[in-house]
Amino acid sequence: MNRHACERCGVKLPQSLSLNSPQSPTYLCGDCISSPPAWHTLTALCQYEYPVASMIQSLKYRAKLANAKFLSHLFISELETRLQNQHPQCLLPVPLHPARQRLRGFNQAIELARPIAKALAIPLDIMSCSRITNTHSQASLDQFARLQNLQNAFVLNKSFTYKHIAIFDDVVTTGNTIRSLCKLLYSTGVEQIDIWCIARASK
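Using my numbering, the letters of the sequence shown map in sequence onto residues 4 to 206.
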């Protein structure tokens with residue numbers, strides 16, 4: 004479990020400095036102290052390592068949808084210890100471009116988020132936001148190219164009235180994808196954005 008981690012970005016902290024429990028203080032990494040990210044908190048089930056990394060890859064590229072249900076239930080158990088009744092008003096899975104979703108047959112973020120939204124009685128919003136740029140895979144790009152790749156990647160399809168939302172993705176690496184989405188959502192009047200993900204990869 005990703006318990007010894009920065010509350011804002013989810014990166015690992017030395018175990019002696021991070022004791023994430025309801026009774027202990029919260030710790031931030033140096034990057035988040037000097038330059039806070041666009042979102043309020045980031046909650047990850049674990050780091051992007053074996054065996055979870057293999058399960059996510061099998062879900063995305065071999066359509067092992069049973070992995071989504073298994074990982075979601077693990078995430079629910081972890082999340083219930085942290086929320087303390089501070090539920091967001093909706094859960095927004097990161098959209099895939101329609102062409103990529105047709106090719107894959109599903110959006111892994113939706114498959115992972117659906118059981119979580121149901122268990123926590125949070126609306127799952129898959130209609131308000133779309134990805135309009137069919138971006139290249141972020142994994143093969145350097146930092147500058149990743150930022151350019153996501154310029155104006157998302158658009159709102161209808162008015163957005165929520166003030167506190169959680170964005171859900173399978174893996175967060177640099178945070179550029181969710182940062183781009185946060186920028187759009189804040190422009191609509193959203194006041195607090197939390198990030199939920201199954202795995203946090205190294206920056």
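Beta carbons: idealized from backbone N, C-alpha and C, even for Gly.
Is the beta carbon of I168 sitting closer than 8 Å to the one on L95?
Going by C-beta atoms, I168 is nearer than 8 Å to L95.
For A169, which beta-bridge partners are listed by DSSP?
L94 and D197.
Measure the alpha-carbon distance for K161 versus C132 and round it to whole angstroms.
The straight-line gap from Cα to Cα measures roughly 8 Å.
Using a threshold of 8 Å, state whether the C-beta atoms of L115 and D173 are closer than that.
For L115 and D173, yes; Cβs fall inside 8 Å.
C-beta atoms of P118 and H76 nearer than 8 Å:
In this structure, H76 lies closer than 8 Å to P118 by Cβ.
With DSSP as the reference, identify every bridge partner of A8, one or two as the case may be.
According to DSSP, A8 bridges with K15.
Count the other CB atoms, across all protein chains shown, that sit within 10 Å of the CB of G108; report buried if there are 16 or more and exposed otherwise.
Under the 10 Å beta carbon count, G108 is surrounded by fewer than 16 other beta carbons and is classified as exposed.
C-alpha gap between P17 and L45, whole angstroms
If you take the alpha carbons of P17 and L45, they lie about 17 Å apart.
Decide if I135 is buried, meaning its Cβ has at least 16 other Cβ atoms within 10 Å, or exposed.
Exposed, since its Cβ has fewer than 16 Cβ neighbours within 10 Å.
Between the Cα of S37 and the Cα atoms of R11, L62, E52 and Y165, which residue gives the shortest distance?
Its Cα nearest to that of S37, the residue R11 stands out among R11, L62, E52 and Y165.
Going by DSSP in three states, A47 sits in which element: helix, strand or coil?
A47 falls in the strand class under three-state DSSP.
Residues near D128 in its chain [Cβ-Cβ closer than 6 Å; skip 5 each side]
Excluding its 5 nearest sequence neighbours in each direction, D128 has C-beta neighbours in its own chain below 6 Å: C93 and L95, listed in chain order.
Where does S80 land, buried or exposed, given buried means 16+ other C-beta within 10 angstroms?
Classified as exposed, S80 has fewer than 16 neighbouring CB atoms from the shown chains inside 10 Å of its CB.
Going by CA-CA distance only, name the one from A204, I201, R203 and L184 that's closest to Q195.
Checking every option, the nearest Cα to that of Q195 belongs to L184.
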